[in-house]
Amino acid sequence: MKNDTEDEEYEEIEPSLRNILDQESLKWIFVGGKGGVGKTTTACSLAIQLAAVRRNVLIISTDPAHNISDAFSQQIGKRETAINGFDNLFALEIDPEMHTQAMADSMGDGANAGLLSELMNSVPGIDEAMSFAELMRQVQKMNYEVIVFDTAPTGHTIRLLGFPQLLETGIKKLIGLKDRFAGIFSQISSAVSSMTDSSKEEVLTRLEATKQIIEFVHRQFQDSNLTTFVCVMIPEFLSVFETERLIQQLSKFGIDTHCLVVNQVLFPDKDSNCRKCFARVRMQQKYLTQIGDLYEDFNIVTVPLLDNEVRGVSALTEFSTHLMVPFDPTTESSSNDADQEMNGSE
Ligand SMILES: Nc1ncnc2c1ncn2[C@@H]1O[C@H](COP(=O)(O)OP(=O)(O)OP(=O)(O)O)[C@@H](O)[C@H]1O
Ligand SMILES: [Mg+2]
Ligand SMILES: [Zn+2]
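Here full-length UniProt numbering is used: position 271 in the sequence shown is 271, and no number is missing along the way.
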């Protein structure tokens, strides 16, 4: 029964990532999923699309196995590197160690730094967490309008995104234990016994500052005006399974996710009668139906399996159009026609 408010009630959810370009308030965009499904390709392509509509864009790889250099076919390092052909698109491959060191430096020197590193060693995962918070703090200062994260495969990323909560609780406890402070630390650090009251006070002050950084990161993550997580998957059992786990974790952390990229969907040539291809199409179709049912309130975009791997700006630009315009197998071929440059090289 339709009525005249039809437009609002039956608003279709667009099968594209265009809504991400339209949501101008977005600052942190995570791209994640199972290993090898196309996270890096999607993150780089999305960054290219964003560069066309936003003042400036930074793409950061948080995967220790860094592969945005390979995707852009350009050497990218620990410093912001401009992507060839763009004047507002930059990339960065972070070295986790570096940020842990920067964090330690910001905590002071001498006995305090020693204490901090011992503290870090005593809580599993805390170094990674601090380093990520420090990264966010530094990135925040860089004045990018939007930051795209190409993340490591699911398990690692879930851990990373859970850190703010973990750390916040941990640091609160430490600060709460103020009175017994010296006693607690002297168990883990011989440096503490030689510390004066004022330097103990200083460590507390620094912990308080760290807590504020982490709370800041946490608040940003949980604000759906600022942060969203784009899940990339392929229509296969393991990927569907892992995506569901990821989406549940994100909801637990309070991180918005409403976009799904279903990558590597096979569209055989019209005149093909290859049995292998059709068997695969049937298999994929089964999961595509499941995905549609499970995530009916998501923007789901299907991207065809292309004939070639996606490397270099023009191939990524071509891939990026598939994120924006739903693929129509009746009018398009899924080969890589990287002959047109959408934007970029001038
Ligand atoms: N739709 C597609 N058609 C053809 N090749 C694709 C497609 N999507 C991705 N690829 C290729 O598949 C490979 C894996 O993609 P990508 O590196 O983006 O995955 P990933 O999820 O980042 O992997 P990892 O978990 O190793 O970081 C790359 O060589 C990429 O060019
Ligand atoms: Mg990758
Ligand atoms: Zn075939």
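For each residue, glycine too, the CB sits at the ideal point set by N, CA and C. As the structure is a computational prediction, the values presented were derived from the model and not from experiment.
Put residue i into one of helix, strand or coil per three-state DSSP.
{"i": "residue 15", "result": "coil"}
{"i": "residue 91", "result": "strand"}
{"i": "residue 230", "result": "strand"}
{"i": "residue 78", "result": "coil"}
{"i": "residue 203", "result": "helix"}
{"i": "residue 208", "result": "helix"}
{"i": "residue 215", "result": "helix"}
{"i": "residue 430", "result": "With the chain represented from 1 up to 346, any question about residue 430 goes unanswered, as that position is not in the structure."}
{"i": "residue 348", "result": "Residue numbering for the chain in the displayed model covers 1 to 346; residue 348 lies beyond these limits and cannot be assessed."}
{"i": "residue 328", "result": "coil"}
{"i": "residue 20", "result": "helix"}
Check for me: the alpha helix (DSSP H) holding residue i runs from which residue to which?
{"i": "residue 241", "result": "237–253"}
{"i": "residue 281", "result": "275–294"}
{"i": "residue 319", "result": "313–324"}
{"i": "residue 334", "result": "Residue 334 -> no alpha helix (DSSP H), and no H or E assigned at all."}
{"i": "residue 83", "result": "Counting along the chain, residue 83 falls outside any alpha helix (DSSP H), and DSSP gives it neither H nor E."}
{"i": "residue 72", "result": "68–72"}
Hey, could you find the ends of the beta strand (DSSP E) residue i is sitting in?
{"i": "residue 264", "result": "259–265"}
{"i": "residue 300", "result": "299–304"}
Out of the options, which has the shortest C-alpha to C-alpha gap to residue i?
{"i": "residue 258", "options": "273, 160, 53, 227", "result": "227"}
{"i": "residue 87", "options": "324, 58, 221", "result": "58"}
{"i": "residue 43", "options": "319, 326, 142", "result": "319"}
{"i": "residue 290", "options": "237, 314, 331", "result": "237"}
{"i": "residue 300", "options": "308, 144, 316, 230", "result": "230"}
{"i": "residue 221", "options": "85, 30, 11, 143", "result": "30"}
{"i": "residue 62", "options": "51, 91, 37, 84", "result": "91"}
{"i": "residue 142", "options": "169, 27, 252, 172", "result": "27"}
{"i": "residue 153", "options": "54, 19, 233", "result": "233"}
{"i": "residue 172", "options": "89, 201, 208, 276", "result": "208"}
{"i": "residue 130", "options": "13, 168, 268", "result": "168"}
{"i": "residue 264", "options": "270, 135, 210, 288", "result": "288"}
{"i": "residue 292", "options": "140, 170, 262, 41", "result": "262"}
{"i": "residue 16", "options": "324, 336, 332", "result": "324"}
{"i": "residue 294", "options": "326, 213, 245, 157", "result": "245"}
Alpha helix (DSSP H) runs wholly inside the region 123–174, at least 4 long, in chain order: 126–141
Inside the region 23–66 only - alpha helix (DSSP H) runs reaching at least 4 residues: 39–53
Stretch-stretch touch, CB-based, cutoff 8 Å, three pairs: the region 33–40 with the region 237–248: yes
Three or more C-beta pairs below 8 Å linking the region 146–159 and the region 46–58: yes
The region 208–218 touching the region 163–171, judged by at least three CB pairs closer than 8 Å: yes
Cβ contact (3+ pairs, closer than 8 Å) linking the region 65–77 and the region 304–317: yes
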